[in-house]
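Trainee: For reference, the structure I am asking about is given below.
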Amino acid sequence: MDGLSKKPLNPDSLIEATLENPRMSARNVDVFYGENKAIDNVTLDVGKREVTSLIGPSGCGKSTFLRCFNRMNDTIDICRVKGTILLDGNDIYDASMDVVPLRAKVGMVFQKPNPFPKSIFDNVAYGPRIHGLSENKDHLRNIVEKSLKRAGLWSEVKDRLHEPGTGLSGGQQQRLCIARAIAVGPEVILMDEPCSALDPIATARIEELISELKAEYSIIIVTHSMQQAARVSQRTAYFHLGRLIEVGKTSEVFTKPKNSQTEAYISGKIG
Amino acid sequence: MKPEQTVTALEEDLNALNKKIEKLGKLAIAQFSGAIDGMATFDTEHLNSIISQDKLLDDLELSINDDAFLLISLRAPVVTDLRRVIVAIKISSILERVGDYAKNIAKRSKILAEQGSDTIPGVNIGRMGQLAEEMLTEVINAYLTRDVSKAIKIRDRDLEIDYMYTAFYREILTSMARNPEQISNGTHLLFIAKNIERIGDYATGIAEQIYFLIHGTTLEDDRPKADPLTSSNKET
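From first to last, the protein sequence lines are chains Y and E.
Taking our numbering as reference, the numbering of the first sequence is continuous, increasing by one, and the terminal residue is 271.
Taking our numbering as reference, the numbering of the second sequence is continuous, increasing by one, and the terminal residue is 507.
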């Protein structure tokens, strides 16, 4: 059984699902956990140098969908993905696609900061080392410094780079994870509720960082905070029961949503 | 899927805000209607009560502003809910101004009553007042019932008031030109007429807020206007 309702969607609210010249494209994507369909025929483009937020009630499939973009669902045995996902026009589910470089290009930041049990320096240096991105030690140091600076963490850690990453505060750990993702030169950064374990000050710093990072990267963020989606993203996609209900400019979705379900959700009336 | 109609704290607050707008609307209509009646009867006691009661509207508007501020701060309304709050603030401000005009009409009517003003011929300012009162009453009903088509019709009626005002303006000006003794009373009457004409505009403004409330977009301002100062054969 697929457990999803089959009510017709409002086509108006999906007009903006596709973009010209997108960074990533999902076409008719279904995701199954065993027999259970978690994502039902979702088509959605992700633009270059902008933040796309995925919102919707718990269990609507937004995290599952996010994890399709760097094949994180491959790690779950019973999970099957159908349809097409393209990165710069190349099918990431193609048999010839190597997932290790793919995950460098499409980095991920998780809900709970998860630094490796290594030094701050090694946390950031780890990716460039395994991907062979640094020519020598100086170059590696450069990459680490640049990544920590972009993640807005450098000034706080530059004098203790060899202390364990796990000794940092929650907000600092999350920025360390962002620095780690940036260090391997990604094109896209996926963020799965990156601030849900952080206090408001640390959240504000991450949001500021997201706004800065969008100048270089495409960012897709899953969030339960409507205000966060409104503050950081340029496009918002609303999911319900595994289906994409509405997508559009954040300024439109949060002021004049086309679908009454979207309005009910963002007004706190369902979910 | 229809959203769940649970009565949330937000909904309760929005309903309470709406009740206050309804009360303010009724007060504004009563004040304006009373001022128009007082103008016809020259009942100075009645006119005095109109003048003193204006404070009720001022206080109620402040209270609506406080509630709206608190509601936005604590309940963080969005989309239609947010429009309801914004529109409540705007309509309450309009209704408070209607009260100010009603008070001004009452003050000028008192002066006319003291001076005796029935010497200006042919002037039917009462009809114009009635029309404005009807528009105001209907537009407040349209707001309470969220009736956009009614709101648009009311907006279109503003032209009638504009024409009446233009005719009235010319009539009084001609009368004052013929008889300079009429200038003092005539000036008060001109101001009263202008106040009534403004109330027509305010009813129109409320109609536009209703449109915004329901559709989330602004009604295009493409109505014909009848302003004596911009009409082709102006006499000033």
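Glycine is no exception: its CB is placed at the ideal position from the N, C-alpha and C atoms.
#1: Are there 16 or more other CB atoms within 10 angstroms of the CB of E:Glu316, so buried, or fewer, so exposed?
#2: Give the residues of chain E in contact with Y:Lys137, contact being defined as C-beta atoms less than 9 Å apart.
#3: Can you list, in chain order, the residues of the segment 348–360 of chain E whose Cβ is nearer than 9 Å to any Cβ on chain Y?
#4: Going by DSSP in three states, Y:Ser13 sits in which element: helix, strand or coil?
#5: Based on the DSSP secondary-structure assignment, which residues constitute the bridge partners of Y:Arg27?
#6: If you draw a straight line from the C-alpha of Y:Phe121 to the C-alpha of Y:Gly268, how long is it?
#7: Span of the beta strand (DSSP E) holding E:His317?
#8: Could one say the Cβ of Y:Lys155 lies closer than 8 Å to chain E's Cβ atoms, at least one of them?
#9: My parser needs the alpha helix (DSSP H) runs of 4 or more residues fully inside the segment 75–142 of chain Y; what are they?
#10: Select from Y:Glu216, Y:Asp94, Y:Leu244, Y:Glu212 the residue whose C-alpha is nearest the C-alpha of Y:Arg231.
#11: Does the beta carbon of Y:Ser267 sit closer than 8 Å to a beta carbon anywhere in chain E?
#12: Chain Y partners of E:Gly487, CB-CB under 8 Å?
#13: Return the CA-CA distance between Y:Phe32 and Y:Arg49, expressed in angstroms with no decimal places.
#14: Quickly, what does DSSP pair Y:Asp45 with across the bridge? List them, please.
#15: Look up Y:Lys158 in the DSSP assignment and say whether it is helix, strand or coil.
#16: Considering just the uninterrupted stretch of the alpha helix (DSSP H) at E:Ile425, what are its terminal residues?
#17: Could you please give me the residues that DSSP links to E:Lys294 through a beta bridge?
#18: Looking at the structure shown, is Y:Ser53 part of a helix, part of a strand, or coil, going by DSSP?
#19: How is the beta strand (DSSP E) around Y:Ala183 delimited, first residue to last?
#20: Does DSSP put Y:Asn36 in a helix, a strand or coil?
#21: Should Y:Glu263 be flagged as near chain E, meaning a C-beta pair shorter than 8 Å?
#22: Taking the alpha helix (DSSP H) that E:Ala464 falls in, what are its first and last residues?
#23: Is Y:Ser13 close to chain E? Criterion is C-beta to C-beta, closer than 8 Å.
#24: Inspect the CB distances between the segment 443–455 of chain E and the segment 416–423 of chain E and report whether three or more fall short of 8 Å.
#25: Considering only DSSP beta bridges, list what E:Asp308 is partnered with.
#26: In whole angstroms, what is the alpha-carbon distance linking Y:Ala125 and Y:Ala204?
#27: Which of helix, strand or coil does DSSP assign to Y:Ile270?
#28: Does the segment 62–76 of chain Y come close enough to the segment 29–45 of chain Y to have 3 or more Cβ pairs within less than 8 Å?
#29: What distance in whole Å lies between the Cβ atoms of Y:Ile206 and Y:Arg175, which are believed to be in contact at a cut-off of 8 Å?
#30: Roughly how many angstroms lie between the CA atoms of E:Ile481 and E:Gly487, to the nearest whole one?
#31: In its own chain, which residues sit with a C-beta less than 7 Å from the C-beta of Y:Lys256, not counting the 5 before and 5 after it?
#32: Pull up the distance between the alpha-carbon of Y:Asp94 and that of Y:Leu153, whole angstroms please.
#33: With C-beta atoms as the reference, is Y:Arg235 less than 8 Å away from Y:Gly47?
#34: Taking the beta strand (DSSP E) that Y:Arg71 falls in, what are its first and last residues?
#35: Using DSSP's beta-bridge definition, name the partner residues of Y:Val222.
#36: Going by the DSSP bridge assignment, what does Y:Pro164 pair with across the sheet?
Mentor: In short, the structure shows the following:
#1: Exposed, by the Cβ-count rule.
#2: Ordered by position in chain E, no residue passes the 9 Å Cβ test against Y:Lys137, which lies about 51 Å from the chain.
#3: For chain Y, the residues of the segment 348–360 of chain E that bring a beta carbon within less than 9 Å of one of its beta carbons are Pro348, Val349, Val350, Thr351, Asp352, Leu353, Arg354, in chain order.
#4: Helix at Y:Ser13.
#5: DSSP lists Y:Thr84 as the bridge partner or partners of Y:Arg27.
#6: One Cα belongs to Y:Phe121, the other to Y:Gly268, and the distance between them is close to 42 Å.
#7: Run containing E:His317: none in the beta strand (DSSP E); it sits in the alpha helix (DSSP H), 315–346.
#8: Looking at the sequence provided, one finds Ser at residue 155 of chain Y rather than Lys. No, Y:Ser155 lies away from the interface with chain E (no Cβ there is under 8 Å from its Cβ).
#9: Within the segment 75–142 of chain Y, the complete alpha helix (DSSP H) runs of at least 4 residues fall at 99–105, 120–130.
#10: Selected option, being the one with the closest Cα: Y:Glu212.
#11: Yes, because at least one Cβ of chain E sits closer than 8 Å to the Cβ of Y:Ser267.
#12: Within 8 Å Cβ-Cβ: Thr255, Lys256.
#13: Their backbone Cα atoms lie some 30 Å apart in a straight line.
#14: According to DSSP, residue pairing for Y:Asp45 in a beta bridge involves Y:Ser25.
#15: Coil at Y:Lys158, not helix or strand.
#16: Per DSSP, the continuous alpha helix (DSSP H) segment holding E:Ile425 begins and ends at 419–449.
#17: For E:Lys294, which the question treats as bridged, DSSP gives no partner whatsoever.
#18: Residue state, collapsed to three classes: strand.
#19: Boundaries for Y:Ala183: no beta strand (DSSP E) harbours it, and the DSSP string shows neither H nor E there.
#20: The answer is strand: DSSP assigns Y:Asn36 an E or B state.
#21: Yes - at least one Cβ of chain E is within 8 Å of the one on Y:Glu263.
#22: Annotation: the continuous alpha helix (DSSP H) that includes E:Ala464 extends over 454–486.
#23: Chain E contact via Cβ: absent.
#24: As far as the Cβ criterion goes, the segment 443–455 of chain E does not touch the segment 416–423 of chain E, which means the pair count is below three.
#25: The bridge partners DSSP lists for E:Asp308 come to none.
#26: Distance from the CA atom of Y:Ala125 to the CA atom of Y:Ala204, rounded to whole angstroms, is 26 Å.
#27: Three-state result, Y:Ile270: coil.
#28: Yes, since at least three Cβ pairs between the segment 62–76 of chain Y and the segment 29–45 of chain Y fall closer than 8 Å, the two stretches touch.
#29: Rounded, the Cβ-Cβ distance is 7 Å, consistent with contact.
#30: If you take the alpha carbons of E:Ile481 and E:Gly487, they lie about 10 Å apart.
#31: Correct list: empty, nothing qualifies.
#32: The alpha-carbon separation between Y:Asp94 and Y:Leu153 amounts to approximately 37 Å.
#33: The criterion of a C-beta distance shorter than 8 Å is satisfied by Y:Arg235 and Y:Gly47.
#34: Where Y:Arg71 is concerned, there is no enclosing beta strand (DSSP E), because DSSP gives it neither an H nor an E.
#35: Y:Val222 pairs with Y:Leu54, Y:Asp192.
#36: DSSP output for Y:Pro164 lists Y:Ser119 as bridge partner(s).
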